[in-house]
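Okay, so here's the structure we're looking at.
In the numbering used here, the protein residues as written are 1 to 145.
Okay, here's the thing in structure tokens:
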């Protein structure tokens, strides 16, 4: 398929010294650092995991809001295991959903996570064939002042 002048695309431009500038279709730019020991900007796999975590987090919080759950805080923690052989692809990705609020239903959280990982999240769907996806959750009560 040929690109047209109206097509939006992601562009990655070499900026020297193992830095790249990525520009997204929305026009936002960010620096990518591929010199592993320097850590002055996120690396490519870090950004991949940020995208994956954000994808599932957006689904889960949206579903919980639709279920009228009183969520006051939410985060996803991601742990990974990679293969030893190159290209060192992810072998296992663990997604721990931590939900804070009062009287949040464990069944609602479990259902929201399942919908995201099995139906809605494109990033999870992309890696599911090559990596084991493991999900868990924790509900933390909101501390009243």
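Just so it is clear, CB atoms sit at the ideal spot from N, CA and C, and this is done for glycine as well.
Keep in mind the model is a prediction, meaning the values are calculated, not measured.
Check whether the Cβ atoms of residue 105 and residue 69 lie closer than 8 Å to each other.
-> yes
For residue 102, I'd like the list of residues in its chain whose CB is within less than 7 Å of its CB, leaving aside the five on either flank, ordered along the chain.
-> 70, 141 and 142
Where does residue 53 land, buried or exposed, given buried means 16+ other C-beta within 10 angstroms?
-> buried
Under 8 Å between C-beta atoms of residue 132 and residue 91 = yes
Considering residue 103, what are the terminal residues of the beta strand (DSSP E) in which it resides?
-> No beta strand (DSSP E) contains residue 103, which DSSP labels as neither H nor E.
How is the alpha helix (DSSP H) around residue 59 delimited, first residue to last?
-> 44-66
Okay, do the segment 23-41 and the segment 72-86 touch, 3+ Cβ pairs below 8 Å being the bar?
-> no
Which residue from 11, 40 and 29 puts its Cα closest to that of residue 17?
-> 40
With respect to the alpha helix (DSSP H) encompassing residue 122, which residues constitute its N-terminal and C-terminal limits?
-> 122-127
Host beta strand (DSSP E) of residue 27 (start-end) = Premise fails: residue 27 is in no beta strand (DSSP E) and is neither H nor E.
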